[in-house]
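Below is one structure, written out as structure tokens, with a few remarks after it.
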Amino acid sequence: MNCTIDYYNKNANQFIDNTSKVDFESHQNLFLKKLSEGAYILDFGCGSGRDTKAFLDKGYAVIAVDGSKELCILASQYTGIDVKQMMFQELNECEVYDGIWACASILHLSKDELLIVIAKMCEALKQDGIIYMSFKYGEFEGYRKGRYFIDMTEATFEKLIVSVTELVLEDQWISHDVRHERKSERWLNMILRKRKI
Numbered sequence: 030m031n032c033t034i035d036y037y038n039k040n041a042n043q044f045i046d047n048t049s050k051v052d053f054e055s056h057q058n059l060f061l062k063k064l065s066e067g068a069y070i071l072d073f074g075c076g077s078g079r080d081t082k083a084f085l086d087k088g089y090a091v092i093a094v095d096g097s098k099e100l101c102i103l104a105s106q107y108t109g110i111d112v113k114q115m116m117f118q119e120l121n122e123c124e125v126y127d128g129i130w131a132c133a134s135i136l137h138l139s140k141d142e143l144l145i146v147i148a149k150m151c152e153a154l155k156q157d158g159i160i161y162m163s164f165k166y167g168e169f170e171g172y173r174k175g176r177y178f179i180d181m182t183e184a185t186f187e188k189l190i191v192s193v194t195e196l197v198l199e200d201q202w203i204s205h206d207v208r209h210e211r212k213s214e215r216w217l218n219m220i221l222r223k224r225k226i
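Below, the structure is given as structure tokens:
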């Protein structure tokens, strides 16, 4: 994970240039329609702050975190809120958020770390809360151009998530990268809900 953080620290400006203006509204709306007005959202690995700003502009309460110090500085400037520097593994909250948005973020964890972090995300959700997460589509795991990735298919994710019994897969869809130069890349998107007890 340190190599991945180093990558984002060194390439923060370029990363923001490439992602902050990408139109992600259709994905955001699929997530937001499942939340109440003004719901409390954790943007978990916020990157440029694109989605945080969109949620704030629509009246939602948002906490944004990222592991990269440089991205936190730039995202704070972009969103107007204080973006906290935090590693995914540091999440340690209980029933705080109505929704957690993890867009192309937790895909930088190893399989073992990912399972632990998803369990922590579930713990941080209120009952009946939701999580959005996305992964590059496929079965690759390892370093790709300086960053660690774990890709997912429907089958590999189903095997992974089975042990987090409180989470139910509510929606799942495959999309193409919205960046024109990466249209051939596919993504696995999903929304999971924390079961009511």
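For the sequence shown, the working numbering gives the first residue as 30, with consecutive numbering after it.
Glycine included, every Cβ here is placed at the ideal spot set by N, Cα and C.
Of all the options the options, which has the alpha carbon lying nearest to the alpha carbon of residue i?
{"i": "K39", "options": "D72, D157, S49, G175", "result": "G175"}
{"i": "L100", "options": "K63, C75, W130, L85", "result": "C75"}
{"i": "D206", "options": "A41, K98, D52", "result": "D52"}
{"i": "D46", "options": "F60, Y107, N58, A83", "result": "Y107"}
{"i": "E122", "options": "T48, T194, F73", "result": "F73"}
{"i": "S192", "options": "L143, N42, S204, A83", "result": "L143"}
{"i": "A41", "options": "G109, I102, I110", "result": "I102"}
{"i": "S55", "options": "L138, S204, T194", "result": "S204"}
Report yes if the CB atom of residue i is closer than 7 Å to the CB atom of residue j, and no otherwise.
{"i": "K225", "j": "Q118", "result": "no"}
{"i": "V146", "j": "M115", "result": "no"}
{"i": "K223", "j": "C132", "result": "no"}
{"i": "A104", "j": "V112", "result": "yes"}
{"i": "I34", "j": "S134", "result": "no"}
{"i": "Y166", "j": "W216", "result": "yes"}
{"i": "G128", "j": "L64", "result": "yes"}
What residues in its chain sit with their C-beta under 7 Å from that of residue i, if we drop five residues either side in the sequence?
{"i": "Y126", "result": "Y69, I70, L71, A153, L154, K155, G158"}
{"i": "E168", "result": "D180, T182, T185"}
{"i": "Q57", "result": "D80, A83"}
Excluding five sequence neighbours on each side, which residues of the same chain lie with their C-beta closer than 8 Å to the C-beta of residue i?
{"i": "K140", "result": "E170, I179, L189"}
{"i": "Y172", "result": "C32, F178"}
{"i": "F44", "result": "Y37, G76, S77, L100"}
{"i": "S49", "result": "S77, G78, R79, Y107"}
Just to check my reading of the structure: residue i and residue j have Cβ atoms closer than 8 Å, yes? What is that Cβ distance to the nearest angstrom?
{"i": "F272", "j": "L136", "result": "A query on residue 272 cannot be resolved here, the shown segment of the chain reaching from 30 to 226 and no further."}
{"i": "G67", "j": "Y89", "result": "6 Å"}
{"i": "W130", "j": "D80", "result": "6 Å"}
{"i": "L61", "j": "K87", "result": "7 Å"}
Once the 5 residues before and after residue i are set aside, which same chain residues still bring their CB inside 6 Å of it?
{"i": "K149", "result": "L120"}
{"i": "W202", "result": "N218"}
{"i": "E124", "result": "K155"}
{"i": "K82", "result": "T108"}
{"i": "L85", "result": "V91"}
{"i": "E214", "result": "D206"}
{"i": "I220", "result": "I159, Y161, E199, D200"}
Heavy atom of the ligand COA less than 6 Å from the Cβ of residue i, yes or no?
{"i": "F117", "result": "This structure does not include the ligand COA; it has no bound ligands of any sort."}
> What runs of the beta strand (DSSP E), each 3 residues or longer, lie entirely inside the region 39-126?
Replying inline: 69-73, 90-95
> Residue ranges of each beta strand (DSSP E) run of no fewer than 3 residues wholly in the region 152-181, ordered along the chain?
Replying inline: 154-165, 170-173, 176-179
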